[in-house]
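Count along the sequence shown from 1, then add 1202; that gives the number in my numbering.
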Amino acid sequence: MKVMNSRQKKNYWFWVLPILIIAITLWNVLPLHTVKPDFVFFNESLHSALEAIGALAGLLMGLFLLNKSNNDGKQHFFWAGTGFLVMAIFDGFHSITRPGGGFVWLHTLAVLGGGAFFAMLWLSGLSMSNRAEKILPWLMAACALTISILTLADRQMFPLMMNNGQFAASARGMNAVSGMLFIIGAVFFVLQFIKSKDFENFLFFLMALMFGLAGITFQYSRPWSDEWWFWHILRLASFLIVLGYLIRRHLYSQVELLRVNRALKMLSECNQSLVRIGKEEEVLHTVCSHIVEIGGYKRAFVEFADSGRGIGQAGLAIRTGETHIIRHIQDDPQYASLREEAVKSGYSSAIALPLMENGKTFAALNIYSSHQDAFDNSEVKLLSELASDVAFGVMALRTQIARLRAEKDVLTLNKELEQRVIERTRLLESANKELEAFSYSVSHDLRAPLRSIDGFSQAILEDYSGKMEEECRSYLNRIRAASQRMAQLIDDILKLSRVTRVEMHSDSVDLSGICLSVAAELQKTANERKVEFVIKPGITVKGDSRLLHIAFENLLGNAWKFTSKREGARIEFGSMQKDGQPAYFIRDNGVGYDMAYSDKLFRAFQRLHTESEFPGTGIGLATVQRIINRHGGLVWSEGKIDEGAVFYLTLQ
């Protein structure tokens, strides 16, 4: 057995109504006067009252539909509204006309004019100018008014409508035509209803169908008979029912519009609060107040996921991340334990909307209403938008607070760092002063004893050379050499100290020129040596010229020293690219060194050769490294025993 659902039942009853109208018409065609063939009820006042009420209802319906057409842009309501306006004017004059030919003529014009405009519904697809739409209804109304007044003034202007107390053929024919025109309009409305499922179209279809059947069956009617009165009452009832429905729907639309405006105002005020207020707790309190005071809800609050409650619709919204609605608290099983308290508080329906950030629900916005099923689709859409704005606002506030806290921490840290820098600077200045004092002590206090040792040793050698043995002279010479080496060490330490502390002045430095100058000085110290210097011209850098001169004195001096035992000595200065950055090198073909000991090269006092092989204090390369480091660069070396060495450096 097939079960009919509620929607099918609703559609079923829709189509029962037209069948009933047709059945009533057939009952009227098999005239009621067959039951009471002599029934005649002549009451002019009652007839005038019925027609006057119908005319007023038609006038209101016409104005309503014309306004609706203007607002909604539905042109078929424009034609229907114009038809009702014309019908109302003719019927209004019909209601004040005494029975006779003019009486029937005005009624016939009413249904004929209304039917004509209902048939014009099929022209709704044609475009009309705004001026034509505004003028046409009132032009037709003026024509109807003029014809009605002329009818009252001159009773000879209309065709024969009555013949021996019965309707004439002209009256029957004109009513039949009007009936067919209404049927054409009824077909249009029923097709609109099938397409849109709008109940208004269905009501107008029934009305047009009834008017059409009344016009077609008019020829079977007798003046003041039972069926004649029946059609008057039925037509008036249809006018009032349809007009009542339209007024009710209009009022509902106004209420709905007010509700939407209220919701939009609530949304606007809440968004302004989110922007204006800078504290999370105050923002949420203000938003919930707006929801209650402006939105008209009973209660609103925000429950956070870490609150530990998680019950009811709020818990579901938090756990699932979806909006949860309770349409009837009194009937919902979830509220069984809280129903009594909810009813006392005046709650009838509720909604919980998740507040989410990056797909994770951190809270739920709970709203209670005193009305059952208060949350329709449009309401839920607006409230979901509000929940999204609240979530964004809360997270923005938290982000801002975290940023302000971080900025405060940074400011505090900066102050601490500034204080530390001040303290470290003070300590560094103190250490530099101590170092300067130490350097002064080394320079003056240590040099004097060394000079005395060297001087007295030399005096002994000169004065008593002939009286002492060779071994004694050797000891004295060794004492002098040691004191002189100690003096050289002191000089190198002082140079290293000055390199570290001297103030830098950055400028354009010609490295090629420095190398040429140092090479010339080295060549003067030993003219007998034949050393090939290959210096790439035009190499300039940014740096301190004095410090870089010291660095290249040491590097070229190293190369000069370690090529001293090489025939065909060669020292080269050039540039290259290292990891996309310029690098500079000094290459020699001297004795080289074992790369296993390369980590000792740039340490102070570390030597890879003995004093007897190559003199020196082991300070030169340490000085070079400190100078290059102060320029933000790096220095390193590669070498092989008996194949020479290469020193590379970069400068920032």
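For glycine and all other residues, C-beta sits at the position ideal for the given N, C-alpha and C.
Close Cβ partners of residue i (< 6 angstroms) along its chain, the five nearest in sequence each way excluded
i: I1386; result: A1321
i: I1655; result: S1685
i: R1501; result: Y1570
i: F1849; result: L1757, I1788, S1839
i: I1527; result: I1553, F1577
i: I1830; result: V1837, L1851
i: M1376; result: T1310, L1314
i: L1486; result: V1504
i: S1572; result: K1500, G1548, S1550
Endpoints, beta strand (DSSP E) assigned at residue i
i: K1780; result: 1771-1780
Residue i versus residue j - alpha carbon distance
i: E1705; j: R1748; result: 11 angstroms
i: W1838; j: N1560; result: 51 angstroms
i: H1235; j: L1261; result: Residue placement at H1235 cannot be trusted, given a pLDDT of 49 that sits under 50; the coordinates are not used to answer.
i: L1415; j: I1337; result: 31 angstroms
i: G1835; j: D1712; result: 17 angstroms
i: S1710; j: K1744; result: 5 angstroms
i: T1525; j: N1272; result: 38 angstroms
i: E1587; j: R1600; result: 20 angstroms
i: T1299; j: G1264; result: 23 angstroms
i: D1400; j: V1389; result: 15 angstroms
i: S1208; j: L1585; result: Legend: pLDDT at S1208 = 40, less than 50; position of this residue unreliable, no value from coordinates given.
i: D1533; j: Q1394; result: 39 angstroms
i: M1342; j: Q1421; result: 28 angstroms
i: M1597; j: C1490; result: 17 angstroms
i: P1301; j: S1423; result: 16 angstroms
i: S1440; j: V1379; result: 21 angstroms
i: G1367; j: L1311; result: 20 angstroms
i: T1284; j: P1361; result: 25 angstroms
i: K1270; j: L1442; result: 18 angstroms
i: I1418; j: I1449; result: 30 angstroms
i: I1496; j: Q1621; result: 55 angstroms
i: Y1499; j: E1482; result: 22 angstroms
i: L1724; j: G1759; result: 7 angstroms
i: E1542; j: G1548; result: 10 angstroms
i: I1349; j: R1529; result: 58 angstroms
i: E1618; j: V1494; result: 49 angstroms
i: A1334; j: A1344; result: 15 angstroms
i: P1339; j: M1468; result: 41 angstroms
i: G1730; j: G1776; result: The sequence given here has Glu at residue 1730, not Gly. Each residue's alpha carbon lies about 26 angstroms from the other.
i: A1370; j: W1307; result: 11 angstroms
i: F1404; j: R1437; result: 16 angstroms
i: Y1677; j: M1688; result: 16 angstroms
Beta-carbon contacts of residue i that lie in its chain and below 8 angstroms, excluding the five residues immediately before and after
i: K1204; result: Any reading at K1204 needs caution, since the residue's pLDDT is 36, under 50, leaving its predicted position unreliable; the model's value is listed next. Result list for K1204: empty, nothing under 8 angstroms.
i: S1667; result: R1675
i: E1734; result: G1770, A1771, R1772, I1773
Unbroken alpha helix (DSSP H) run spanning residue i, endpoints
i: W1762; result: 1747-1764
i: V1848; result: Taken as a continuous stretch (DSSP letters only), V1848 belongs to no alpha helix (DSSP H), being part of the beta strand (DSSP E) at 1846-1851.
i: P1784; result: No alpha helix (DSSP H) holds P1784; the beta strand (DSSP E) holding it covers 1783-1790.
i: V1826; result: 1822-1832
i: N1377; result: 1371-1398
i: L1486; result: 1482-1495
i: P1339; result: 1332-1355
i: T1284; result: 1277-1297
i: M1412; result: 1401-1418
i: W1307; result: 1303-1321
DSSP bridge partner residues for residue i (one or two, in chain order)
i: D1712; result: T1742
i: E1734; result: R1772
i: V1837; result: L1851
i: F1503; result: N1568
i: Q1368; result: N1365
i: K1842; result: G1846
Cutoff 7 angstroms; reference residue i; Cβ partners in own chain excluding five residues on either side
i: A1507; result: I1520, T1563, F1564, A1565
i: N1473; result: D1591
i: Q1660; result: R1682
i: L1383; result: G1317, A1318, F1320, A1321
i: S1297; result: S1250, E1253, A1254, A1257
i: Q1827; result: F1804, V1837
i: D1796; result: I1843
i: E1755; result: V1720
i: A1290; result: A1257, G1260, L1261, G1264
i: G1740; result: S1714
*Unbroken stretches of the alpha helix (DSSP H), 4 residues or longer, contained in the segment 1505-1591*: 1514-1522, 1541-1547
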